[in-house]
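*Asks:* Residue numbers (this note's numbering): 54 to 414.
For every residue, glycine included, the Cβ atom is placed at its ideal position computed from N, Cα and C.
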């Protein structure tokens, strides 16, 4: 780690971990191995918090107020999603694998490619839900259409999928048409709160992070309403540890401030509480595979740097590049150190009599 400007130390004192990120974005410091540096910072999170002075603590309410204004109401969700996912389909294609999967993969072997890991994740979800050609699946937060295409093509089921991102919707529409799957896939541009009907299975892959704490009970209640009495739901969620949740929910971190406006990570206990209070779901299974997310992000980071010239040609400036470099390394470090996790949570309606599929391997 090399410090280029003395204001780095003052920024850390004033703004703690968020200040470390902001000073990096300004170019006040660099590291030849940013992920390793951030892993060290993560390990010493409590020490960094202890050096924050009174000004840092006074700033927290202002940051919290800013984040509150970004809450995920219907209109707020549309703005927040557009701020990240509508950057450019071409930009995301430079970083992601050919399936355009922007969520953790599952690496079944040491030789698995990023595409292999994305497909394996899709298949694990399909297997856990015991999908068949008789099922009609509702997907909340369909992204660029990777899961919907896979499930419809490989399992022969019908899929209704929704995204409120204009760019994702346009990409998915062309994708499904080119794949000849318009007879099996219905693409919507609806907020999850406006979805209607009843389905056999429900999938939501890393969408709950865009729901927000306030709306989590409503989200699970809607999921429950969308399922038939014997339905099942598979949720893939990035999570914060239970013991850190209370402090996290009262603060604003780098991701919320600069990457995902309105973003909020649930804890397993918080989700369990919402499910218990707002639905008639029962928990069938929960599995954490955070180490696979660290591998996934490392591959994204590699793609990002290998295509840096093309990223610049799209018009993204140096600050954007530093922001995304920090974002990817920050998340990779978090998963490596288990400060955040990613889980599959399998939920079932009261009429479901199926046993969960046990883990592969």
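Got a sec, what are the start and stop residues for the beta strand (DSSP E) residue 336 sits in?
*Replies:* Sequence index remark: in the chain shown, residue 336 carries index 283 (1-based). From DSSP, the beta strand (DSSP E) with residue 336 extends over 335-341.
*Asks:* Quick check on the burial criterion: 16 or more other C-beta atoms within 10 angstroms. Buried or exposed for residue 238?
*Replies:* In the chain shown, residue 238 corresponds to position 185, counting from 1. It is buried - the Cβ of residue 238 has at least 16 other Cβ atoms within 10 Å.
*Asks:* At which residues does the alpha helix (DSSP H) containing residue 69 begin and terminate?
*Replies:* To locate residue 69, count along the chain shown from 1; it is residue 16. Here the alpha helix (DSSP H) through residue 69 covers 60-78.
*Asks:* Enumerated in chain order, which unbroken segments of the beta strand (DSSP E) with a length of 3 residues or greater are wholly contained in the stretch 284-365?
*Replies:* For the stretch 284-365, whole beta strand (DSSP E) runs of length 3 or above, ordered along the chain, are 335-341.
*Asks:* Look at the Cβ atom of residue 263, then the Cβ atom of residue 157, and state whether they are nearer than 8 Å.
*Replies:* Counting from 1 along the chain shown, the entry for residue 263 is found at position 210. Counting from 1 along the chain shown, the entry for residue 157 is found at position 104. Against a cut-off of 8 Å, the Cβ pair of residue 157 and residue 263 comes out as no contact.
*Asks:* Given that a residue counts as buried once 16 or more other Cβ atoms are within 10 Å of its Cβ, and exposed if not, what is residue 174?
*Replies:* Here the question's residue 174 lines up with position 121 in the chain shown. Counting Cβ neighbours within 10 Å, residue 174 comes out buried, since at least 16 surround it.
*Asks:* Write down every uninterrupted run of the beta strand (DSSP E) in the stretch 150-238 whose length is 3 residues or greater and which is fully enclosed by it, in chain order.
*Replies:* DSSP runs (the beta strand (DSSP E)) wholly in the stretch 150-238: 189-193, 211-215.
*Asks:* Give me, in chain order, the residues of the same chain whose beta-carbon lies closer than 7 Å to that of residue 347; leave out the 5 immediate sequence neighbours on both sides.
*Replies:* As a first step, residue 347 is located in the chain shown; it is residue number 294 there, counting from the start. Closer than 7 Å at the Cβ level, and outside the excluded window around residue 347, lie 385, 388, 389.
*Asks:* Express the C-alpha separation of residue 218 and residue 409 in angstroms, rounding to a whole number.
*Replies:* Here residue 409 corresponds to residue number 356 of the chain shown, with the count starting at 1. Here residue 218 corresponds to residue number 165 of the chain shown, with the count starting at 1. Going from the Cα of residue 409 to the Cα of residue 218 covers about 33 Å.
*Asks:* Quick one: using the 10 Å Cβ neighbour count with 16 as the cut-off for buried, is residue 279 buried or exposed?
*Replies:* Start at 1 with the first residue of the chain shown, and residue 279 comes out as number 226. It is buried - the Cβ of residue 279 has at least 16 other Cβ atoms within 10 Å.
*Asks:* Since residue 76 and residue 61 should fall inside the 8 Å C-beta cutoff, what is the C-beta to C-beta distance between them, to a whole number of angstroms?
*Replies:* The residue you call residue 76 lines up with position 23 of the chain shown. The residue you call residue 61 lines up with position 8 of the chain shown. Indeed they touch by this definition, with Cβ atoms about 5 Å apart.
*Asks:* Taking the alpha-carbon positions, what's the residue 331 to residue 248 distance?
*Replies:* Here residue 331 refers to the residue found at position 278 of the chain shown. Here residue 248 refers to the residue found at position 195 of the chain shown. Approximately 17 Å, taken between the alpha carbons.
*Asks:* Alpha carbon to alpha carbon, how far is residue 169 from residue 74?
*Replies:* In the chain shown, residue 169 corresponds to position 116, counting from 1. In the chain shown, residue 74 corresponds to position 21, counting from 1. Taking the straight line from one Cα to the other gives about 32 Å.
*Asks:* Taking C-beta to C-beta, are residue 314 and residue 261 nearer than 8 Å?
*Replies:* Locating residue 314 in the chain shown gives position 261, counting from the first residue. Locating residue 261 in the chain shown gives position 208, counting from the first residue. Not in contact: residue 314 and residue 261 (Cβ atoms no closer than 8 Å).
*Asks:* Residues in its own chain within less than 6 Å of residue 194 by CB, not counting five upstream and five downstream?
*Replies:* What you label residue 194 is simply residue 141 of the chain shown in a count that begins at 1. 257, 260, listed in sequence order.
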